[in-house]
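Colleague:
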Amino acid sequence: MAQVLEFKLPDLGEGLTEAEIVRWLVEVGDVVAIDQPVVEVETAKAMVEVPCPYGGVVTARFGEEGTELPVGAPLITVAVGERPASGAGDTGSQGSGNVLVGYGTSEAPARRRRVRQERPVSRASATAGQAGAAGAVKGRADAAATPVHARAAGPATALTAQAGGPATTVNGQGGPGADDGPVPVISPLVRRLARQNGLDLRALTGSGPDGLILRADVEYALRAAGQGAAAAPTAEPQPHVPQAPSPAPASRPSEAAAAGEIRTPLKGIRGAVADKLARSRREIPDATCWVDADATELMRARTAMNAAGGPKISLLALLARICTAALARFPELNSTVDAEAREVVRFGHVHLGFAAQTDRGLVVPVVRDAHARDAESLTAEFARLTEAGRTGTLTPGELTGGTFTLNNYGVFGVDGSTPIINHPEAAMLGVGRIVPKPWVHEGELAVRQVVQLSLTFDHRVCDGGVAGGFLRYVADCVEQPAVLLRTL
589 MAQVLEFKLP DLGEGLTEAE IVRWLVEVGD VVAIDQPVVE VETAKAMVEV PCPYGGVVTA
649 RFGEEGTELP VGAPLITVAV GERPASGAGD TGSQGSGNVL VGYGTSEAPA RRRRVRQERP
709 VSRASATAGQ AGAAGAVKGR ADAAATPVHA RAAGPATALT AQAGGPATTV NGQGGPGADD
769 GPVPVISPLV RRLARQNGLD LRALTGSGPD GLILRADVEY ALRAAGQGAA AAPTAEPQPH
829 VPQAPSPAPA SRPSEAAAAG EIRTPLKGIR GAVADKLARS RREIPDATCW VDADATELMR
889 ARTAMNAAGG PKISLLALLA RICTAALARF PELNSTVDAE AREVVRFGHV HLGFAAQTDR
949 GLVVPVVRDA HARDAESLTA EFARLTEAGR TGTLTPGELT GGTFTLNNYG VFGVDGSTPI
1009 INHPEAAMLG VGRIVPKPWV HEGELAVRQV VQLSLTFDHR VCDGGVAGGF LRYVADCVEQ
1069 PAVLLRTL
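For the sequence shown, this note's numbering assigns the number 589 to the initial residue and increments by one for each residue that follows.
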């Protein structure tokens, strides 16, 4: 007898709590095999194809393309012919292994089964022209909780919230567990947002599946509290046309468009980069030092290497090799600060990140064990990761775990910069463009290939003497590549 199983958005690893649906790979009615990819999602780290652990017929899809879903929200339901061998309901299926972090279909620990509580839900979808934040929150909740193929127009639901006031209601029903019991929140980002703004999550009823509190719910509650115009709870479900309080002019899409404003959501990779940069500036007491170096001999050495035959060696690979040699001499910069323990953690390996600009935004792929690679191996790995970044196929593991970052901003035609440290690392080396400039060489004025190098470092891990020593050694290797022979 066929059994309908619900497949939820799994934990994609690396602390990710939500993902945006980019493209559905199956339609309702399609037959899917075990571990067949059913949807392509974008996280703050990368594009990921999500495989379904069940084999059968797709009976429903949840969320349209462009919808952002929290981990644990339903993705699809599948009608299968037999009950999974694990006997764990929607946690497994025969024949599939653990295909992503956080879910799989082999034997799994017993879990408390969540009882879905039936209640009226709005089926209306928000559009860009809807006025007020209530419509936007309602539309996002519908996209996450309503099967795409089964949506129908229905009475609109007013989501009301008042920080520090009575429990928020949906369709006139009071929020469950307002005084005790667990708060239905998956995302730690949502908890932190509420905590930082003094908002009691027990006063909210979420618009997500099973009353899950989403970030949009918290943001709407904060806006409503700030404007002093949160709607009062209603006694019973009834059709409602949202009455937008008098928001600031910029919050109305029609007025913003009239003023010529363009608003771009900070989400996906761009949102993750914004959060990381802001956190770096907020937490790290950074300092920057810089020096000009004559790179003429380094460029000649690269030309000689490539003329000798074999795979071509990139300039970035030579600079990376110089960095790993410098970090061996000044290991203080290959570290991180554990703020809670008040300790500096020094690494015994160099996982070298490098900044790469792509159509999807700035990414920092990581070359694992860069200290153990030669220039040829580094060139090949840089090329592979750069291409993966351009095509959006970098995995979360290839974008995390770096211990030091190399930033070649010279490709943008600029000489210098003060880089922002890639949190939680302790330092970043910046490299400007290499251009002909007047230079005193062997006592005479000559035209040489000159580059500006800058080092931004966390002043908690070292003082200026260490940072200056590191940068001077890098400059010496750039000016006289033979210096590297000591470390080979």
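Glycine included, C-beta positions come from ideal geometry on N, C-alpha and C.
#1: Kindly indicate which three-state DSSP category serine 902 falls into: helix, strand or coil?
#2: Counting only runs of 3+ residues fully inside the region 613 to 668, write out the beta strand (DSSP E) ranges in chain order.
#3: Let me confirm a value: proline 899 is counted as buried when at least 16 other C-beta atoms fall within 10 Å, else exposed. Which label applies?
#4: How would you label isoleucine 850, buried or exposed, when you count the other beta carbons within 10 angstroms and need 16 or more for buried?
#5: The alpha helix (DSSP H) that contains valine 861, what's its start and end?
#6: When DSSP labels each residue in this structure, what does glutamine 1037 get in the three-state scheme?
#7: Spatial neighbours of serine 868 within its chain, please: CB distance less than 6 Å, with the 5 preceding and 5 following residues excluded, ordered by chain position.
#8: Which residue wins for smallest C-alpha separation from valine 645, given the options Leu966, Ser1042, Ile857, Val626?
#9: Identify whether valine 557 lies in helix, strand or coil by the three-state DSSP scheme.
#10: In the DSSP assignment, what residue or residues form a beta bridge with threonine 946?
#11: Mind checking which residues open and close the alpha helix (DSSP H) that includes aspartate 962?
#12: Quick one: Cα of arginine 870 to Cα of aspartate 805, how far?
#13: Which class does cysteine 877 belong to by DSSP, given the choice of helix, strand or coil?
#14: Which two residues bound the contiguous beta strand (DSSP E) that contains glycine 1052?
#15: Could you tell me whether the region 986 to 1001 touches the region 931 to 949, where touching means 3 or more Cβ pairs closer than 8 Å?
#16: Helix, strand or coil: which one does DSSP assign to glutamate 920?
#17: Report the three-state DSSP secondary structure of leucine 987 (helix, strand or coil).
#18: Under 8 Å, with one C-beta from each stretch per pair, do the region 919 to 938 and the region 1024 to 1039 reach the 3-pair mark?
#19: Beta-carbon of leucine 994 versus every beta-carbon of chain D: anything under 8 Å?
#20: If contacts are defined as beta-carbon pairs under 8 Å, then valine 879 and arginine 1021 qualify, I think. What distance do you get, rounded to the angstrom?
#21: DSSP beta-bridge partners for proline 1024?
#22: Nearest to glycine 660 by alpha carbon, out of Leu802, Arg890, Val592, Gly848?
#23: Which class does alanine 929 belong to by DSSP, given the choice of helix, strand or coil?
#24: Take glycine 977 and list the residues in its own chain whose beta-carbon comes closer than 7 Å to its own, dropping the five residues that flank it on each side.
#25: Just curious, the beta strand (DSSP E) that threonine 993 is in, first and last residue?
#26: Would you call the CB atoms of valine 1049 and glutamate 920 closer than 8 Å?
#27: For glycine 1004, collect the residues of the same chain with a Cβ closer than 8 Å to its Cβ; drop the 5 residues on either side in sequence, then sort them by chain order.
#28: State the DSSP-derived secondary structure class of leucine 907, mapped to helix, strand or coil.
#29: Can you name, in chain order, every residue of its own chain whose Cβ lies under 6 Å from the Cβ of leucine 865, other than the five neighbours on each side?
#30: Three or more C-beta pairs under 8 Å: does that hold for the region 1024 to 1034 against the region 1051 to 1059?
#31: Here's a check: name, in chain order, each residue in its chain whose Cβ is nearer than 8 Å to the Cβ of alanine 889, leaving out the five neighbours to either side.
#32: Classify leucine 854: buried if its beta carbon has 16 or more other beta carbons within 10 angstroms, exposed otherwise.
#33: Is DSSP giving arginine 934 helix, strand or coil here?
#34: Is the CB-CB distance between threonine 967 and isoleucine 872 below 8 Å?
#35: Under the rule that 16 or more other beta-carbon atoms within 10 Å means buried, what is arginine 780, buried or exposed?
#36: With which residues is glycine 941 paired in a DSSP beta bridge?
Modeller: Taking the geometry as given:
#1: coil
#2: Within the region 613 to 668, the complete beta strand (DSSP E) runs of at least 3 residues are 624 to 630, 635 to 640, 644 to 649, 656 to 658, 662 to 668.
#3: Exposed is the call here.
#4: Isoleucine 850 should be labelled exposed.
#5: Run containing valine 861: 856 to 871, per the alpha helix (DSSP H) assignment.
#6: Under the three-state reduction of DSSP output, glutamine 1037 falls in the strand class.
#7: Taken in chain order, the residues that qualify are Ile1008, Ile1009, His1011.
#8: For valine 645, the nearest C-alpha among the options comes from Val626.
#9: Coverage of the chain is limited to positions 589 through 1076, which leaves residue 557 absent and any answer about it impossible.
#10: For threonine 946, the beta-bridge partners assigned by DSSP are Gly949.
#11: Element bounds for aspartate 962: n/a, residue is neither H nor E.
#12: Counting only the Cα atoms, aspartate 805 lies some 26 Å from arginine 870.
#13: strand
#14: That residue, glycine 1052, is in no beta strand (DSSP E); its alpha helix (DSSP H) goes 1052 to 1067.
#15: yes
#16: helix
#17: helix
#18: no
#19: Checking the listed chains, one finds no chain D in this structure; it contains a single protein chain.
#20: No, valine 879 and arginine 1021 are not in contact; Cβ-Cβ is about 15 Å, not under 8 Å.
#21: Gln1037
#22: Leu802
#23: coil
#24: Ala944, Thr946, Val951, Pro953
#25: 992 to 996
#26: yes
#27: Trp878, Gly1018, Gly1020, Gln1040, Ser1042
#28: helix
#29: Ile1008
#30: no
#31: Leu906, Pro1069
#32: exposed
#33: In the structure shown, the three-state DSSP call for arginine 934 is strand.
#34: no
#35: exposed
#36: Val954, Thr993
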